[in-house]
Structures are given as C-alpha cells and as structure tokens.
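Encoded as structure tokens, the structure appears first; notes follow it.
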Amino acid sequence: MEDRKRPPVGGADELAPPSKRIALNGSKTKDDAVEMKEEGWVEAYTKGAIYRQMQEYSRKAATAESRLEELHKRCVHHDDHLRIIDAWWRQLLEEMELLAESQISDDPVASDPPYLSGITFKDLNEFQSHLQDKGKTIKTKAESLLVRLSAQRDSLSPEAAALETKVNKLLAAQKDYMLKLDRLNTEKDQLSEQLNAATLRYFKAEKKLDRTRSAQVQKMEQQAIANSTRPAGSAAAAASAANDGSSDPTDVNGSADELLLKYEEVTASAKKQKEQLDSFLSELKTLQDENSTLKSRRDTWTDEDFIRTDVFKQFKAQNEDLIKRINNLEATNKHLREEAEKLQAERTAYKNQLETDANLVTQELEADIISRDQDLARVRSTRDEILAENTQRKASMEQDRTSIELIKDLSTAKDDRIAALESQTSRLQCVEDVEMLDADDNQELSQDELRQKYKKLQLDFQSINQELPSIEKAYKKMKDLAQKKVLDFIALEEKIALLIAEKSKADQKYFAARKDADTRNNEIRSLRHQNSKSAEIIAQLKDLEAQTRLLLGNLEKQVSDLKQTNSTLTIEIKKMESTSMEAVRRSESLNRQLSELTSLVKARDNASAAMRERYAIQEAEMEKLKVRVEHAQKERENWKSKALSNSSEEEEMLREQFQEYGTQDVRTFVLQQMRRRPYKQQDAQMPYVLSSI
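Following UniProt numbering, the numbering of the sequence shown begins with 1 at its first residue and continues without gaps.
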C-alpha cells in the first residue's frame, strides 16, 4: 500500500514528471479542478507520457553506453592478451631454434602486427588462416628439435607411439573442452547479470503499473458513475474533477503502454458519451417543456404512484449499486491499509535485523583481525628467539669441537716431545757415564780406544736417529697447527663478512616487515573509515525512514480529507436523491396526464430506446476500436522500423533467454505473477501479457 501511495525514491531516470501537489487547507484547488477543462488534462497527461518515454530512451542509452564501454575494455584486454601470447610464442620459437640449431635465424621480423585484433578481422576464415600460418611456423621449427630428440633416444615401439599420439589427442581435446567451458561460464555470467537487470526493470515497471492502476481505475469508475447518474452540469464538473485528481503524483508515475491505450479508449468513449449526453439533454429539455405545458392541465400525483413507477425503481437500483461500490471501495482501502502497516512493520524488523547482523559481522571481523595480528606478533617473536638460540648453540658447539681437536693435536705433539726429551736424556746419560779422553790430532789411538770411541759414536748416532723422528713429528704438528690457526683466522674473517651481509639482509627484512605493518595499519585505518562511512549511511537511511514516516502521515491526512470529501459527496448525493424524488413525483403526475398517449407511444418508445442504447454502445465501442486500430498502426510502424534496423543486444539477450527457458516457462511465470494481483487487474492485463508473450 505504501508503494502505491508514494512514488519510488530511485534514480533520476526512474522518477516521474513533477506534478501539482494537492492542497490540504482551503477549497481553491477544488474550484480550479472544476474549472479545468478536459483538453488541459489530456495535454498534461500527454506531456507526462512523453516525459516517461524520454526517460525510457535515456535509460536505454545509458545501458547501451555502459555495455559499449565494457566491450571496449574487454577488447583492449583481449588485444593485450594476444600481444603477450604472440611475444611468448616468438620467445619459445627462438629457444627451440637455439636447442635445435644452436643459433637464431636471421630472418627479418615482419612489420605487420603479429596478431589479428577483435576489431580488425571481419571474417572467421581470415582468423583461421592466421592461426594456420602460425601453426605452420611452429611445426616447422619444432620438427627439427623433435628429430634431434628422436635421434638421440632409442627407437620406440609402435604401441608406445600409438599411446603417445592418443595421449596428445586426449590432451588437445581436454584443452578444447576447457576453453569451451570457460567461454560458456563467462557467457552464463553475462546472461545472468542481464537477466537480473531485466527482472529488476520488470518488477519496477510492475510496481509502477500497480500504483497507477489502483488509483486510475478508481477515478475512471467514479467518473463513469458520475456521468451515468448526474445531469449534464454535475457530470462535466465531476469529469473535470476526476481529470484534475488524476494528475496526482501517484497517477503520473504510470508508464505502461497498456494504460495509455486504455486512456485513449476511455477518452474517445467519454467524448462520444458527452455528445450523446448533449443530444439527450436537448431531448430532455424539449420533454421538460412539454411536461411544463401538461403540468398545468393535470394535478400532481401521490407518493405511492411515484413509488410504483419504473423510473423510481431504476433509480433505487442504481443508488443501491452505488452504495455497494462505495462500501466495497472502503473495505478494500481498509484491507490495503492493514497490509501496508504489516509490510511497514516487516520492513522495519528486517532493516533492524540487517543492521544488527552487519554490526555483529564487523565486530567479529575486527576481533578476528586483532587476534590474528597478536598471534602473528607472538609467532614472529618466538621464531626470532628460537633462531637466536639455535645460532648461539651452533657457535658454542663449533667452538667446543675446534678446541677439542686442538687439545688432541697438542697432546700428540706433547707425547712426541716427551719421547724426544727421553731419548735426549738417555743419550746425555751415556755421555756422562763414559768420559771421552781428549786426544790430540797428532796422537795415535790404540785399537781398543778406537773401538770404544766407535761404539760411543755409534750409540750417539742411534740416539740421534731416535730423537729425529719425534722432533720431526712435533715440528710438523706445530707447523700444521700454525697453518690451521692461520686458516681459522681467515675463515673467521670470512664469517665476519658473511655475518655483516646477513645483518644487512636482516635489516632489510626488518624494514620490509615494518613496511608490511604500515600497510596493514593503513588497511585497518581504511576499514575503520569505511565503517564510519557505513555508520553515516545507516544514519542517512534512518533519516530517510523518518522522512518516509512523515510522508506517510501526510498521506494519511490526505486520506482523511478525502474521506471527509467523500462524506460530503454522499450528503450531496442524498440531497440530489431527494430532489430527484421530487422530480420523479412531478413527472409521475405528468405521466398520469399522459396515460392516454403512453399506450400509443409505448411500443415505439421501447423500440427507439433499445435502438438508441444499442447505437450508443456501438458508437462507444467503435471509438474504442478506432483508438485501438490507431494504436496498433503506431505499434506496427514502430515494430517495422525496429525490424528494418539492427536488433539491439538486449533484444538478442531476451530472445536467447526465451529460447533457453522456453515460451511455456515464461508464460507460467507471468501467469503466477498475475495471479497475485487483484481480480480486476488480472482481467484488464491478461490479454496484453499473453499477446506480448
């Protein structure tokens, strides 16, 4: 009900043309509505229809521009993709040439573009020939490499060769299927987006049609009742008031072609009925003159005579029918108001639930982000501690190992030195035991002395020979230890250089980690900013809800004012009934005087009345059919122009959707949507929907 009372608050392309607001205080608008002519109302309604058509054209142009921009972006992306693929193929071919011939060919590169863009080639055959040329070059350069490889490897069995060809075919088929699947997925996504947009536009148009029809049908029924029950002046005033009331903001929002067709039919029939009413009023005036002349001749009739007349019975039946319609309209208004209140309550509850869910999700995400950051910091700190501890332990173990090896080497050198010293002491003891006599060079020694001296020298020689290996071993070990110490110092210097490089790397990692932390902080700051923006949006939505509630209150006030006007109209109807009853009494008194004439003219009057009624109905139907024929001719010309021009992408999409889902599925879907509407709207719109399907 709320959607029918107020226009939608969508984009600028969905708004109806601005209309005149009904004044709540004073009665100047009512006087203006009475004075407003039918031509002005038709002109205003025509302007509104033209404005809605312009809005429809602007929406179509906007969608076409968006689709063109999207296609341009995709074309640029595909061109870049083709450039990258072509460069990759060129590099691959050069690598294959290097592997096959150990040199790159000196053939000049073609100056033409190495690909065919999606805009340049006009036919699929040209693109196929382009692919065949590329395939030939690739095959010719790959054959040499494959020949070399086949020459180097052993001869294959025919079964293995058959299996290889089969595997290659299966891989090619798999790639083809994957390519088709990817293309179909992209097409499915595009079609689903277009279907969602089309369904959204359909439901918006359906809501607009419901809002327009719910008010327009009431106005037309009231206008028809007023034209059928009131005299000429009151009927014209009611028609002008209804026409003025139809310019309410709730009526201008309709933009359906069916409503325009019905409006033209009703206006044509109304014009014809107006002409008939003028003729009837002229005849009534002549009859009143005749009745006034006959009134002087006869006395007035009684109330019982008036009650027994057919005119009184017909008027009473019409009055009862009017009262029933008013009661039905009040009941439907009450039911729709209850539904609107129920929907408003559901809307507020759903909105509150969405707000609570969004707040809970944001809180959970923030808590999760904080916990993840804490866990990450804790893991990094523990990792750094473990790495430092491992490096310290490795360094201490390496030092212990080197010190143990040095101690072992020193102990072996010490043992060798001890053995050398023992041999030296033994030699020196022998020297002390046997004192050699100093002999002159000129003195000749005896044989015993020579033998003793020879023995002593031989013992000294043996002791010296025993001392030399131990001394040599100790010297070598000390030399090795000295060289090892020098090498250790060199390795230590290299290790210090490596540690300095690792320190620089660690500093870089630290700065990178700090940079990542700064980026994360910026992201968190941006998320908080977005959260604040969402809070502002929620506040704006609350303000909008308050405005809608205020508008609902104003509309309820307008409804109460309309009820008051309805009550005043009912009082006026009762007054008119009393006056009509008096007129009927007078006419019955005259009819008593004309009893002799009625017997002669009764059959002729009945026949003429039936013929006039049939003629009036046929004229009204003829005007409606003329309007329908004109509308059908306009639609035929429009569709002819559309058929001559190229069909748009949206029509192609709708045609593909209808072919995909089938006409019967769409028909059942539309019938289900129509069953949800009131019964009168189903009868009014069913043939148009079925014919459009």
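Glycine residues also receive a C-beta, built at the ideal position from the N, C-alpha and C atoms. It should be emphasised that the depicted structure is a prediction, and the values quoted were computed from it without experimental measurement.
Check, Outcome
"Buried or exposed, going by whether 16 or more other CB atoms sit within 10 Å of the CB of Gly48?", "buried"
"Would you check if there are 3 or more beta carbon pairs closer than 8 Å linking the stretch 499-512 to the stretch 315-324?", "no"
"To the nearest angstrom, report how far apart Leu468 and Gln447 are at their CA atoms.", "31 Å"
"Specify the secondary structure class of Thr309 as computed by DSSP and reduced to three states.", "coil"
"Could you work out which residue in Ala620, Gln374, His72 is closest to Ala268 when comparing CA atoms only?", "Ala620"
"For Ala517 and Asp373, what's the separation of their Cα atoms in angstroms?", "10 Å"
"With three or more beta-carbon pairs closer than 8 Å as the criterion, would you say the stretch 275-291 touches the stretch 547-558?", "no"
"Tell me the DSSP secondary structure of Ser66 in three-state form.", "helix"
"May I ask you to verify whether the stretch 261-276 touches the stretch 613-629, counting CB pairs closer than 8 Å and requiring at least 3?", "yes"
"Quick one, which of Leu92, Leu544, Ser381 has its alpha-carbon nearest Arg348's?", "The question names Arg, yet the displayed sequence has Thr at residue 348. It is Leu544."
"Can you have a look at Gln508 and say buried or exposed, based on whether 16 or more other CB atoms are within 10 angstroms of its CB?", "exposed"
"May I ask you to report which of helix, strand or coil DSSP gives Ser129?", "helix"
"Quick check: the stretch 86-95 against the stretch 135-144, are at least 3 beta-carbon pairs closer than 8 Å?", "yes"
"Is Val627 buried or exposed, if buried means 16 or more other CB atoms sit within 10 Å of its CB?", "buried"
"Could you round the C-beta distance between Thr412 and Lys456 to whole angstroms and report it? I think they count as a contact, below 8 Å.", "Incorrect: roughly 33 Å between the Cβ atoms, too far for contact."
"Where Glu164 and Gln174 are concerned, what is the direct C-alpha to C-alpha distance, given to the nearest angstrom?", "15 Å"
"Tell me whether Ser446 sits in a helix, a strand or coil according to DSSP, three-state version.", "coil"
"For Ile538, collect the residues of the same chain with a Cβ closer than 7 Å to its Cβ; drop the 5 residues on either side in sequence, then sort them by chain order.", "Glu355"
"Write down the C-beta distance between Val311 and Val584 rounded to the nearest angstrom, noting that I regard them as a contact closer than 8 Å.", "6 Å"
"Between Leu481 and Asp415, how many whole angstroms is the CB-CB distance? I'm expecting something under 8 Å.", "14 Å between Cβ atoms; not a contact."
"Counting only the same chain and skipping the five closest in sequence on each side, list residues whose C-beta sits under 7 Å from that of Val42.", "Thr267"
"Please classify Gln685 as buried or exposed, where buried requires at least 16 neighbouring CB atoms within 10 angstroms.", "Here the model assigns Gln685 a pLDDT of 45, short of 50, so the residue's position is not dependable, and the following value carries that caveat. The residue is buried, with at least 16 neighbouring Cβ atoms inside 10 Å."
"Is Ser567 buried or exposed, if buried means 16 or more other CB atoms sit within 10 Å of its CB?", "exposed"
"Cβ atoms of Glu264 and His631: under 9 Å apart, would you say?", "yes"
"Less than 9 Å separating the beta-carbons of Lys134 and Trp88?", "no"
"Could you tell me if Glu588 is buried or exposed, where buried requires 16 or more neighbouring beta carbons within 10 angstroms of its beta carbon?", "buried"
"In terms of alpha-carbon separation, which member of Lys60, Glu449, Ala358 lies closest to Arg201?", "Lys60"
"Count the other CB atoms within 10 Å of the CB of Leu209; is the residue buried (16 or more) or exposed (fewer)?", "buried"
"In whole angstroms, give me the CA-to-CA distance for Asp488 and Val379.", "37 Å"
"Assuming Ser423 and Gln466 are in contact, meaning their beta carbons sit under 8 Å apart, how far apart are those beta carbons, in whole angstroms?", "5 Å"
"Look at the alpha carbon of Ala610 and the alpha carbon of Ser595, and state the distance between them as a whole number of angstroms.", "21 Å"
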